[in-house]
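2 protein chains.
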Amino acid sequence: SSLLHDLNEPLIEHAEGQLFLTETFKIILEEVLCKGTDVKEKVCEWKEPEELAVLLDLELRDTGEPQGKLLKRVKDVAKYSIKTSHPRFFNQLFAGVDYHSMAGRFLTEALNTNLYTYEIAPVFVLVEAEVLRGMHRLVGWTEGDGIFCPGGSISNMYAMNLARYQLFPEIKSRGLWGLPRLTIFTSAESHYSVKKGAALLGIGTDHVILVKVDDGGRMIPEDLEEKIKLAKSEGSVPFLVSCTSGTTVKGAFDPLDHIANLCEKYMLWMHVDAAWGGSVLFSSKHRHLMKGVDRANSVAWNPHKMLVAGLQCSALLLRDTTNLLKRCHSASATYLFQQDKFYDVNLDTGDKSVQCSRKVDCLKLWLMWKAVGSAGLEARVDKAFIHARYLVEQMKKREGFHLLGEPEFVNVCFWYIPPSLRGKEENADYQEQLSKVKGTMMVGYQPQENRVNFFRVVAFSPLISQKDMDFFLNEIERLGKNM
Amino acid sequence: SSLLHDLNEPLIEHAEGQLFLTETFKIILEEVLCKGTDVKEKVCEWKEPEELAVLLDLELRDTGEPQGKLLKRVKDVAKYSIKTSHPRFFNQLFAGVDYHSMAGRFLTEALNTNLYTYEIAPVFVLVEAEVLRGMHRLVGWTEGDGIFCPGGSISNMYAMNLARYQLFPEIKSRGLWGLPRLTIFTSAESHYSVKKGAALLGIGTDHVILVKVDDGGRMIPEDLEEKIKLAKSEGSVPFLVSCTSGTTVKGAFDPLDHIANLCEKYMLWMHVDAAWGGSVLFSSKHRHLMKGVDRANSVAWNPHKMLVAGLQCSALLLRDTTNLLKRCHSASATYLFQQDKFYDVNLDTGDKSVQCSRKVDCLKLWLMWKAVGSAGLEARVDKAFIHARYLVEQMKKREGFHLLGEPEFVNVCFWYIPPSLRGKEENADYQEQLSKVKGTMMVGYQPQENRVNFFRVVAFSPLISQKDMDFFLNEIERLGKNM
């Protein structure tokens, strides 16, 4: 290759590279963290895909580009990306920014290692264990096991795999053949990853039995028991109930204590998908929503959501103390998990994972937790509840807002019927109008059978205040006026 | 909560937070990127777990800590972590640092979004598509599909799931029950993730048939064909051959063209695990190692390895143009993948994934590729080969070095027998000695049946030069002298 001059010359020049990184850091501070969180700036500089592709000059070429041009690209990426830390970003179950977490994330990237052995990640192996211990305590366990996974969906799949392995350990070597049909139970409003997991694990989505929910979106235990009995009578083997603490749309909490009784009665693995709701465990005021969680076998909890730990940060917590996680997932690769090391090889946690390369997702949470303490994280959770309550009260006072129900968590679901459409609600394509005026704020919506779309607003970023709530309500009204 | 003063006050103060982030950035520059790449500094400040736990003050408490103390923690994390960018870090299949990639990684962290819809990640949806196009071209495809996954193991599992879904689409809903036994073929030296995947997917590790390898570690096609025939004669249904381009230990490349003939003959999905070796596709000189890869159905390739794109960066590439990936994995969640959006919903790539939250892993690769061009990445690959060749030639000239074989890639596997142990090689516990003197360099090793451990050195970081190779050889000799 013509670029290859001399073996004695590294291909990368540190001084130039560090200058580029420093310039990028300035752009990040200015464009993403200052402007990107400024209410006077837009949440989003919306472009159609074709136009954006041209603006970014996407094409990858044979020759490289000069530093100045590359810095322009960094700026453009920042400019045209959604500002998810903006106080008027209400679109997703992540939002906001925590600077200590961000510092932990930059440090993680710079240290560039894999969380599989103590040898290669000594600090992170210990930090992960400590963070998991802290989360265990909040669940109500004095011991246990766990691992950080790339997202809550994978955490839920791990729980499924562990549950079936505990029941039929031979599945690891022999597969599902020869075993009876296995069935999973979850509420009709649970996250779609339960079905995705059942498909991936060879169980099949037909064997995910959807349990009815009450008006608030909570699993109905009586229906669960009926469906367990029915499945058994049909020759299937129920093995797992996947409960939800904080459903995606309505934010409902399944009644864990009641479900735990049934799991004990029928000897089923009890998993709690608390990816969204788990953070209530920090709050002495609100943790009652998860009463009974200590009776679960596994809990999936994503601190990248309400706690603002940054994507991705997702823990699977296990009550198990028999090394089930490692027994279920290990392959004992000799090139990596050598048994003749000069330290305790139980610190080599990599074989607990189905991944080989595994990103370090724990440092940012540890540093953030160190910075504000459990009390600071509790305040974030309590503040989110107060904002949600404020929104609900305001919506009740203002015309045109119709709540889907009284929220028990921080998801506020509502319709808004603009003045011109009142009385003819069925024709309201208000959502489409709102979509066209992105920029001032972003909010999620949800289609519903036989009715127009409703909105879901989740206001939990620690950056926001009551005036952002007022802005939200006023903006919905303002946009509606022009219809 | 006592920390919750006023709804109108955000819980996070930007100025203070940005100052902390700026101070952390300085520490990263100084400790990780300057000292961490300086050959006069240690690769690793080794501490035993118990001591390190005390040094880090791991405990998570109720109250937060002052900024100064937190900055001390940032410094300690940097100090006691392994310096994987150090020129004498030869331990893993990742090493080195690329500053453009690092800039892309910091920017990705700051923008904190999920790669699932165009609405929430417009820039990244387009960037991912462009990077995948570039990789497709290198494989030799003019079109195709693909997705970035959290590591090569998950990419390999995706390939398995796609292969069986293509053969039996009903598996998604009905599971494996009622289907014949499915078998996977892979070489005896393939990565352990093939077995992990088979276990997770309910296929079982017994149904992963290990094909014999030649002395170089390459799959023997004749043995593959025999084993396919045997499996069929026993009533199993072969559906997938997982080839390896660049095995983990020896760096062997399976003969893809020959295997492709068999896959066509027996109508099997041909997957290529090129997590480690895929980067040879950039090199006009070395891409012949993967001749026939364009005939594969899927290719897993990790630019976080040889290309130094940073952990994690792992692509699954597909020849398919029938939307198989989405059909196999989709759950069509209505709250996220609404069909009434005002842009082309094919840009919402999230339903191609088994994840929901999915990290943005493409920007860093795109920015690095833009910066040095395909030619610059080719130079990295060629340089790694030259270093490996140099090491091999030197080992042949020096006493005590015994090569495991003539490498075809950049993995150089060897024994070193110190002077005092020559003639009594069977007693050599040299590896243990080396383990105790960590600090000057790090190198991986591999137990082998009936013989002493051998070393695997992989020297591909673009930061290194011939003098780092000389240092490596001299250091091995120096440590051996004291035994």
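Taken in sequence, the protein lines are chains Z and D.
For the first sequence, my numbering assigns the number -10 to the initial residue and increments by one for each residue that follows.
For the second sequence, my numbering assigns the number -10 to the initial residue and increments by one for each residue that follows.
Each residue gets a CB set at the ideal place from its N, CA and C atoms; glycine is no exception.
Proximity winner among the options, relative to residue i (alpha-carbon distances)
{"i": "leucine 251 (chain Z)", "options": "Z:Glu214, Z:Ala152, Z:Lys221", "result": "Z:Glu214"}
{"i": "serine 90 (chain D)", "options": "D:Leu366, D:Glu395, D:Ile375", "result": "D:Leu366"}
{"i": "valine 230 (chain D)", "options": "D:Arg153, D:Gln455, D:Gly25", "result": "D:Arg153"}
{"i": "methionine 357 (chain D)", "options": "Z:Glu19, Z:Leu22, Z:Val63, Z:Lys24", "result": "Z:Val63"}
{"i": "threonine 97 (chain Z)", "options": "Z:Ala110, Z:Thr106, Z:Asp87", "result": "Z:Ala110"}
{"i": "serine 321 (chain D)", "options": "D:Lys29, D:Thr338, D:Leu462, D:Lys68", "result": "D:Thr338"}
{"i": "glycine 281 (chain Z)", "options": "Z:Gln301, Z:His318, Z:Ser234, Z:Leu305", "result": "Z:Ser234"}
{"i": "methionine 431 (chain D)", "options": "D:Pro407, D:Phe461, D:Ser454, D:Phe443", "result": "D:Phe461"}
{"i": "phenylalanine 403 (chain Z)", "options": "Z:Val269, Z:Lys239, Z:Ser222", "result": "Z:Lys239"}
{"i": "arginine 207 (chain D)", "options": "D:Cys33, D:Val269, D:Tyr181, D:Ile248", "result": "D:Ile248"}
{"i": "glycine 267 (chain Z)", "options": "Z:Met279, Z:Met259, Z:Trp258", "result": "Z:Met279"}
{"i": "histidine 391 (chain D)", "options": "D:Ala377, D:Pro436, D:Phe443, D:Ser342", "result": "D:Phe443"}
{"i": "valine 489 (chain Z)", "options": "Z:Ser144, Z:Ile17, Z:Ala263, Z:Tyr405", "result": "Residue 489 (chain Z) lies beyond the stretch modelled for chain Z, which goes from -10 to 472, so this question has no answer here."}
{"i": "leucine 314 (chain Z)", "options": "Z:Ile136, Z:Pro408, Z:Ile217", "result": "Z:Ile136"}
{"i": "valine 32 (chain Z)", "options": "Z:Pro38, Z:Pro396, Z:Val21", "result": "Z:Val21"}
{"i": "glycine 479 (chain Z)", "options": "D:Ala360, D:Tyr69, D:Trp258, D:Arg445", "result": "This structure cannot settle anything about residue 479 (chain Z), because the visible part of chain Z is limited to -10 through 472."}
{"i": "phenylalanine 449 (chain D)", "options": "D:Pro436, D:Gly433, D:Val399, D:Leu115", "result": "D:Val399"}
{"i": "aspartate 65 (chain D)", "options": "D:Leu45, D:Ile71, D:Gln56, D:Glu30", "result": "D:Leu45"}
{"i": "glycine 362 (chain Z)", "options": "Z:Met384, Z:Val381, Z:Leu307, Z:Leu296", "result": "Z:Leu296"}
{"i": "proline 55 (chain D)", "options": "D:Phe9, D:Met384, D:Pro407", "result": "D:Phe9"}
{"i": "cysteine 302 (chain Z)", "options": "Z:Arg276, Z:Asp309, Z:Trp265, Z:Phe271", "result": "Z:Trp265"}
{"i": "glutamine 344 (chain Z)", "options": "D:Ala187, D:Gly205, D:Glu223", "result": "D:Ala187"}
According to DSSP, residues forming a beta bridge with residue i
{"i": "threonine 429 (chain Z)", "result": "Answer by DSSP bridge pairing: none, since threonine 429 (chain Z) is not bridged."}
{"i": "aspartate 134 (chain D)", "result": "D:Leu307"}
{"i": "serine 231 (chain D)", "result": "D:Thr175, D:His260"}
{"i": "valine 534 (chain D)", "result": "Absent from the model: residue 534 (chain D). The displayed extent of chain D is -10 to 472, so no value can be given."}
{"i": "tryptophan 404 (chain Z)", "result": "Z:His391"}
{"i": "tyrosine 434 (chain D)", "result": "D:Phe444"}
{"i": "phenylalanine 242 (chain Z)", "result": "Z:Ser234"}
{"i": "valine 114 (chain Z)", "result": "Answer is none; valine 114 (chain Z) lacks a bridge partner."}
{"i": "methionine 208 (chain D)", "result": "D:Val202"}
{"i": "valine 282 (chain D)", "result": "Bridge partners of valine 282 (chain D): none, in fact."}
Per-residue burial, residue i [other beta carbons within 10 Å of its own, 16 or more giving buried]
{"i": "arginine 467 (chain D)", "result": "exposed"}
{"i": "alanine 4 (chain D)", "result": "exposed"}
{"i": "asparagine 471 (chain D)", "result": "exposed"}
{"i": "threonine 13 (chain D)", "result": "buried"}
{"i": "arginine 411 (chain D)", "result": "exposed"}
{"i": "aspartate 203 (chain D)", "result": "exposed"}
{"i": "arginine 50 (chain D)", "result": "exposed"}
{"i": "glycine 299 (chain Z)", "result": "buried"}
{"i": "aspartate 243 (chain Z)", "result": "buried"}
{"i": "glycine 394 (chain Z)", "result": "exposed"}
{"i": "leucine 59 (chain Z)", "result": "buried"}
{"i": "serine 273 (chain D)", "result": "exposed"}
{"i": "methionine 149 (chain Z)", "result": "buried"}
{"i": "isoleucine 160 (chain D)", "result": "buried"}
{"i": "valine 43 (chain Z)", "result": "exposed"}
{"i": "asparagine 101 (chain Z)", "result": "buried"}
{"i": "histidine 318 (chain D)", "result": "buried"}
{"i": "phenylalanine 331 (chain D)", "result": "exposed"}
{"i": "proline 451 (chain Z)", "result": "buried"}
{"i": "glutamate 388 (chain Z)", "result": "exposed"}
{"i": "serine 182 (chain Z)", "result": "buried"}
{"i": "serine 70 (chain Z)", "result": "buried"}
Next on the checklist: As an exercise, report each continuous alpha helix (DSSP H) stretch of at least 4 residues that is fully enclosed by the stretch 28 to 92 of chain D, in chain order.
Outcome noted: If one requires a minimum length of 4 residues, the alpha helix (DSSP H) runs lying completely within the stretch 28 to 92 of chain D are 38 to 45, 56 to 69, in chain order.
Checklist entry - Which ranges does the beta strand (DSSP E) cover as unbroken runs of at least 3 residues, wholly within the stretch 116 to 162 of chain Z, from first to last along the chain? => result The qualifying runs are 134 to 137.
Next on the checklist: So, does the stretch 285 to 293 of chain D touch the stretch 126 to 144 of chain D, judging by three or more C-beta pairs under 8 Å?
Outcome noted: Yes: the two stretches touch, three or more of their Cβ pairs being nearer than 8 Å.
Checklist entry - If we count Cβ pairs, one from each stretch, closer than 8 Å, do we get three or more for the stretch 159 to 171 of chain Z versus the stretch 187 to 196 of chain Z? => result Verdict: yes, contact present.
Item to check | Ranges of the beta strand (DSSP E) found wholly within the stretch 284 to 363 of chain D, counting only runs of at least 3 | outcome: Within the stretch 284 to 363 of chain D, the runs of beta strand (DSSP E) that reach at least 3 residues and sit entirely inside it are, in chain order, 287 to 290, 303 to 307.
Checklist entry - Does the stretch 83 to 98 of chain Z touch the stretch 345 to 357 of chain Z, meaning 3 or more C-beta pairs lie closer than 8 Å? => result They touch, by the three-pair rule.
Next on the checklist: Between the stretch 67 to 77 of chain D and the stretch 450 to 464 of chain D, can you find at least three pairs of beta-carbon atoms closer than 8 Å?
Outcome noted: By the Cβ test, the stretch 450 to 464 of chain D is in contact with the stretch 67 to 77 of chain D, since at least three Cβ pairs between them sit closer than 8 Å.
Next on the checklist: Can you confirm whether the stretch 121 to 137 of chain D touches the stretch 313 to 330 of chain Z when touching is taken to mean that 3 or more C-beta pairs between the two stretches lie within less than 8 Å?
Outcome noted: Three or more Cβ pairs closer than 8 Å define a contact, and the stretch 313 to 330 of chain Z falls short of that threshold against the stretch 121 to 137 of chain D.
Item to check | Under 9 Å (Cβ pairs) to chain A, residues found in the stretch 258 to 277 of chain Z | outcome: Of the protein chains in the structure, Z and D, none is chain A.
Item to check | Inter-stretch contact at 8 Å, needing at least 3 Cβ pairs: the stretch 171 to 178 of chain Z / the stretch 171 to 179 of chain D | outcome: Counting Cβ pairs under 8 Å, fewer than three are found: no touch.
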